[in-house]
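Taking the numbering used here, the leading residue of the sequence shown gets 11, the next gets one more, and so forth.
Just so you know, even glycine gets a beta-carbon here, dropped at the ideal spot from N, CA and C.
All figures in this text were calculated on a predicted structure; none of them were measured in a lab.
These notes are about the structure you will find just below.
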Amino acid sequence: MSQSLGAVAINGRLVESRGTILVISDSSVIVSDVDDGLTEAGFDLLVASDSKRAFDFFTQNHVDYIFVDLGAIDMSGGALVRSLRIYAGDRFVPIIVFAESEEEAVLADCIASGCDDFIFKPFNSTALKARIASLEQMCELKKLYKSTVNEQIVAKQILSYALSERSIEFEEIKLLSRSKGVFSGDLFLTGRRADGGLHIILADFTGHGLSAAIGSLPVADIFSVMTEKGFEVADILENINNKLHTLLPISMFMACSVLKISKNLKFVEIWNGGMPDIYIRDTKTGSIKYKLKSNHIPLGINETTVSRFEMETVPLCQDDQLIIYTDGLTDAMNEEGDMFGESRLEKCIENNKDNISIFSSIVQEFNDYCGKVNPDDDVTLACIPCTPYLTEVDDPCHTDSVQIASNSKDDWCWYMELSGSSLRNVDPIPIVMNEAQKISGQKISEKKLSSVLNVLYENAIEHGIQLRDESEKKISANNVSEINHGVVDKGYLRIGLKKIEHKGENALLVSIEDSGEGFDHVDCMSKIANKAEDVKNINEGISLVYSLSESLNYHGKGNHVEAIISGLV
Numbered sequence: 011m012s013q014s015l016g017a018v019a020i021n022g023r024l025v026e027s028r029g030t031i032l033v034i035s036d037s038s039v040i041v042s043d044v045d046d047g048l049t050e051a052g053f054d055l056l057v058a059s060d061s062k063r064a065f066d067f068f069t070q071n072h073v074d075y076i077f078v079d080l081g082a083i084d085m086s087g088g089a090l091v092r093s094l095r096i097y098a099g100d101r102f103v104p105i106i107v108f109a110e111s112e113e114e115a116v117l118a119d120c121i122a123s124g125c126d127d128f129i130f131k132p133f134n135s136t137a138l139k140a141r142i143a144s145l146e147q148m149c150e151l152k153k154l155y156k157s158t159v160n161e162q163i164v165a166k167q168i169l170s171y172a173l174s175e176r177s178i179e180f181e182e183i184k185l186l187s188r189s190k191g192v193f194s195g196d197l198f199l200t201g202r203r204a205d206g207g208l209h210i211i212l213a214d215f216t217g218h219g220l221s222a223a224i225g226s227l228p229v230a231d232i233f234s235v236m237t238e239k240g241f242e243v244a245d246i247l248e249n250i251n252n253k254l255h256t257l258l259p260i261s262m263f264m265a266c267s268v269l270k271i272s273k274n275l276k277f278v279e280i281w282n283g284g285m286p287d288i289y290i291r292d293t294k295t296g297s298i299k300y301k302l303k304s305n306h307i308p309l310g311i312n313e314t315t316v317s318r319f320e321m322e323t324v325p326l327c328q329d330d331q332l333i334i335y336t337d338g339l340t341d342a343m344n345e346e347g348d349m350f351g352e353s354r355l356e357k358c359i360e361n362n363k364d365n366i367s368i369f370s371s372i373v374q375e376f377n378d379y380c381g382k383v384n385p386d387d388d389v390t391l392a393c394i395p396c397t398p399y400l401t402e403v404d405d406p407c408h409t410d411s412v413q414i415a416s417n418s419k420d421d422w423c424w425y426m427e428l429s430g431s432s433l434r435n436v437d438p439i440p441i442v443m444n445e446a447q448k449i450s451g452q453k454i455s456e457k458k459l460s461s462v463l464n465v466l467y468e469n470a471i472e473h474g475i476q477l478r479d480e481s482e483k484k485i486s487a488n489n490v491s492e493i494n495h496g497v498v499d500k501g502y503l504r505i506g507l508k509k510i511e512h513k514g515e516n517a518l519l520v521s522i523e524d525s526g527e528g529f530d531h532v533d534c535m536s537k538i539a540n541k542a543e544d545v546k547n548i549n550e551g552i553s554l555v556y557s558l559s560e561s562l563n564y565h566g567k568g569n570h571v572e573a574i575i576s577g578l579v
């Protein structure tokens, strides 16, 4: 039998070492029983007769397991276990205590302090080996869990970087984001429109963690690319919905709030699908001016239906605050099990009348209410102040020129110029359509105007700014976004709209001019006018515009076209 005087190393292994066990006891009987039971099983033993020697051994050696004899140590079992846990740090070292059956209170203190198992004395080698086998399985599970968490942390860093590349960070927008796990099922994205306005989306996927976060990247891709290209929110939501409907399992969907803030901060268009209420707060009075509830189902549940993505327009005043959040905020509970709740949130918003920004007040109230209780869901809160800095464009790539003019006769004209990288990065058609709707103040015939604009724009790209091989020109007029990929960073494209009177009724003059070489428009228009048999080989799209227009005229070398369309305004 091995003898222990103070602290000695006993190496009686017969097989390859399975680890090192630190035994803390001044009882030769306990040490002998452990030695007989475990050295044959392949373990190395370190024996410490008091706590000081135990800590020395623990810091100087790689210890895999610790046995504590409660009846033969110089400090309380609970205090010793707590100290050992502090020494171990992040490394998991199982602790087993040996106790008498009547030491229930002491044993309970040890368990509360962090010991992993206990054995009543006296014990035999069979019970000891069984406990070790169980702890070995626990160690393997702990290692596997730690490895999985580390992998998730790396994956989260990659995902976070990818998402940040697809969103614009605004110093004015205050954001609180807390995830229940490593990954968050909440998603917050911002994008700047070509006209200087903003698109903002706050989304909440079903559940939380990795499974909830998996849909974030495709959503961010669609949102950032289509916003940059100038598409409207309805088009973006339709594409996101179709992607999620295909990608996500039946049990998952994405609730979201979407904001489209105008550059002049005069109004915001809102779409709320399955999210909590959206608040618009008057900073001067502190009151809630508007409370916008969800009127739509979340995305990804079913296919797109007609008029599903209609926006609600709300007027804004400068310095108003938009407050959006996920249900993790209001569903969070305190130590008594009571939820934070919507009413408490609204009181917090309205009671802080002196605050320019309400964000810090809400966060402080939320933290004080929940205390040490962690929320059961991901929590996201965003406060967006409607200040001029929010829509101020510093990006030199935004060199587009937009002009609007009107006169006392209620006529108007609108002009836009794209140049440089904007020719490649921006699809102007959605922008033109949107501005025509807003300026005219009524619902114009979108299909007719869109058809004319798409054809004339494609023709300007195909025959003007960009000279490509014939094999590259087979692009549908309805898929204009594909054209942008090959446009060079030189030249310009000017698009103009003007309300005019034509033959005694209101009409719209559409003008498109580019810096390109043009084409043989005389021959093309002659064949279209004479209904030549090979007109389709010339340009079927121009023939369509000719049929939709009251007048269609090309000027110069074919790089400037004007079409008069009636029945639009």
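How about SER187 and THR390: do their beta carbons lie closer than 8 Å?
For SER187 and THR390, yes; Cβs fall inside 8 Å.
Compare the beta carbon distance of ASP341 and ARG291 with 8 Å and say whether it is the shorter of the two.
One thing to note: ASP341 has its Cβ no nearer than 8 Å to the Cβ of ARG291.
Apply the 10 Å Cβ neighbour rule to GLY16 and answer buried if 16 or more other Cβ atoms are within range, or exposed otherwise.
Note that GLY16 scores a pLDDT of 37, beneath 50, so its modelled location is shaky; the value from the coordinates is reported in the next line. The residue is exposed, with fewer than 16 neighbouring Cβ atoms inside 10 Å.
Excluding sequence positions up to five away, which residues of its chain have a Cβ less than 7 Å from the Cβ of GLY296?
GLU360, ASN362 and LYS363, listed in sequence order.
Does the Cβ of PRO132 have 16 or more other Cβ atoms within 10 Å, making it buried, or fewer, making it exposed?
Burial check for PRO132: the Cβ neighbour count within 10 Å stays below 16, so the residue is exposed.
Can CYS145 and ASP126 be called in contact, C-beta distance under 8 Å?
One detail in the question is off: residue 145 reads as Leu in this sequence, not Cys. Contact: yes.
Candidates ILE311, GLU572, LYS303 and ASP524, of which the one nearest GLU248 by Cα
Answer by Cα proximity: ILE311.
Distance between GLN328 and LEU275 (C-alpha atoms, nearest Å)
So the two alpha carbons sit approximately 6 Å from each other.
Using only the alpha-carbon positions, how far apart do ASP378 and LEU355 sit?
Each residue's Cα considered, the two are about 13 Å apart.
Return helix, strand or coil for ASP616, following the three-state DSSP convention.
In this structure the chain extends from 11 to 579, so residue 616 is not present and cannot be described.
Contact between the segment 44 to 52 and the segment 110 to 118: three or more CB pairs below 8 Å?
Verdict: no, contact absent.
Which class does VAL235 belong to by DSSP, given the choice of helix, strand or coil?
Three-state DSSP puts VAL235 in a helix.
Report the CB separation of ASP387 from HIS218 in whole angstroms; it is logged as a contact under 8 Å.
That pair is a contact at about 6 Å.
Can you give me the start and stop residues for the alpha helix (DSSP H) that MET148 sits inside?
DSSP places MET148 inside the alpha helix (DSSP H), whose first and last residues are 135 to 175.
Whose C-beta lies closer than 8 Å to the C-beta of GLU345 among residues of the same chain, with five residues either side of it excluded?
Within the same chain, GLU345 has close Cβ partners GLY381, LYS382 and VAL383.
Measure the beta-carbon distance from GLY528 to GLY566 and round it to whole angstroms, keeping in mind my assumption that it falls under 8 Å.
Yes, they are in contact, since the Cβ atoms of GLY528 and GLY566 sit about 7 Å apart, within 8 Å.
I'd like to confirm the pairing. Which residues does DSSP put opposite PRO385 in its beta bridges?
Beta-bridge pairing by DSSP links PRO385 to no other residue.
My guess is that LEU507 and TRP424 are in contact by the Cβ rule of under 8 Å, so how many angstroms apart are they, rounded?
Confirmed, Cβ separation roughly 5 Å.
Given that a residue counts as buried once 16 or more other Cβ atoms are within 10 Å of its Cβ, and exposed if not, what is ASP205?
By the neighbour-count criterion, in which 16 or more other beta carbons inside 10 Å mark a residue as buried, ASP205 falls on the buried side.
How about ILE106 and PHE77: are their beta carbons less than 8 Å apart?
Here ILE106 is near PHE77, since their CB atoms are less than 8 Å apart.
Relative to the C-alpha of LYS458, which residue among THR397, ILE449, VAL520 and GLU515 is closest?
Comparing Cα positions, the closest option is VAL520.
How should GLY347 be labelled, buried or exposed, when 16 other C-beta atoms within 10 angstroms of its C-beta is the threshold for buried?
By the 16-neighbour rule on beta-carbons within 10 angstroms, GLY347 is exposed.
To the nearest angstrom, how far is it from the Cα of VAL192 to the Cα of LEU199?
Each residue's Cα considered, the two are about 19 Å apart.
Can you find a CB in chain B that lies within less than 8 Å of the CB of LYS139?
Structure shown: chain B not included; a single protein chain is present.
Pick from GLN162, THR293, VAL268 and LEU151: whose alpha carbon is nearest that of PRO286?
Of GLN162, THR293, VAL268 and LEU151, the smallest CA-CA separation from PRO286 is found for VAL268.
How many Å lie between VAL229 and LYS448 at the Cα?
Between VAL229 and LYS448, the C-alpha separation is close to 28 Å.
Taking only the alpha-carbon atoms, compute the straight-line gap between GLY284 and GLU161 and give it to the nearest angstrom.
C-alpha of GLY284 to C-alpha of GLU161: approximately 32 Å in a straight line.
Tell me whether ASN569 is buried or exposed, calling it buried when 16 or more other Cβ atoms sit within 10 Å of its Cβ.
Buried: at least 16 other Cβ atoms inside 10 Å.
Tell me the residue span of the beta strand (DSSP E) that contains MET264.
Run containing MET264: 264 to 271, per the beta strand (DSSP E) assignment.
Could you tell me which uninterrupted alpha helix (DSSP H) segments, each at least 4 residues in length, are contained entirely in the segment 274 to 312, listed from first to last along the chain?
Those alpha helix (DSSP H) runs which fall completely within the segment 274 to 312 and span 4+ residues do not exist here.
Span separating the alpha-carbon of GLU242 from that of ASN444
C-alpha separation (whole angstroms): 8 Å.
Does the beta-carbon distance from LEU466 to VAL324 come in below 8 Å?
Judged by their CB atoms, LEU466 and VAL324 are not nearer to each other than the 8 Å cut-off.
Pull up the DSSP beta-bridge partners for LYS357, would you.
Listed as beta-bridge partners of LYS357 by DSSP are no residues whatsoever.
Just list the residues that DSSP pairs GLU335 with in beta bridges.
It is Tyr, not Glu, that sits at residue 335 in the sequence shown. As DSSP reads the structure, TYR335 sits in a beta bridge with LEU391.
Would you identify the three-state DSSP class for GLU527, choosing helix, strand or coil?
Of the three classes helix, strand and coil, the one that applies to GLU527 here is coil, per DSSP.
Per DSSP, what kind of secondary structure is SER187 in: helix, strand or coil?
SER187 falls in the strand class under three-state DSSP.
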